[in-house]
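Inspection log for the structure reproduced underneath, given as structure tokens.
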Amino acid sequence: MEVASSKILNERPEVASSSRPLLVGIITGQIAGLIMAVIIMIVFTLFLGKGPLYPVQVIGSVLLGETALNGFNALALVVGLILHQLGPSLLWGVAFGLVAQRFPITSIRQSLLIGLLRPHHSLSVPFR
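Under my numbering, the first residue of the sequence shown carries the number 116, and numbering increases by one thereafter.
See below:
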């Protein structure tokens, strides 16, 4: 399987090189979104006295209303996770991938610098 995929990539290098950063950005955005969710769950549990699933239920309550916050709500959990992964995680993953397509990243340092700029932009919009 690995030989077949490398053969395909070698036959069409322009496709592989142009779409790879976007795909990698999407995948890493999803992974980063899950890691962020786990960290927020820990913070809510240790410092705010809420259950570990509460932050995801809060996201789910956007569509399901306040009843999603009363006790454990499996539907709110699923909806919240989907909204989080298809919302900000996908958005920032695509944004990173598009930047990587436009400005080829050749080192870990460049990748980290672009990644460090992202939180600044995502937090620059005031909450109301």
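Each residue gets a CB set at the ideal place from its N, CA and C atoms; glycine is no exception.
If you count every other CB in all the chains shown that lies within 10 Å of the CB of residue i, and 16 or more means buried, which is it?
i, result
"Ser-222", "exposed"
"Pro-219", "exposed"
"Gly-180", "exposed"
"Val-194", "buried"
"Arg-243", "Below a pLDDT of 50, predicted positions are generally treated as unreliable, and Arg-243, at 42, falls in that range; no measurement from the model is reported."
"Gly-186", "exposed"
"Leu-168", "buried"
"Ile-174", "buried"
"Gly-164", "exposed"
Give me the Cα-Cα distance between residue i and residue j, rounded to the nearest whole angstrom.
i, j, result
"Ala-191", "Ile-197", "10 Å"
"Thr-160", "Val-171", "12 Å"
"Ser-134", "Gln-216", "8 Å"
"Val-139", "Gly-212", "7 Å"
"Ser-226", "Ala-189", "37 Å"
"Val-153", "Leu-137", "24 Å"
"Leu-232", "Ser-176", "30 Å"
"Arg-224", "Ile-150", "21 Å"
For the alpha helix (DSSP H) holding residue i, just list the boundary residues, first then last.
i, result
"Ser-176", "169-179"
"Gly-202", "Per DSSP, Gly-202 belongs to no alpha helix (DSSP H) and is neither H nor E."
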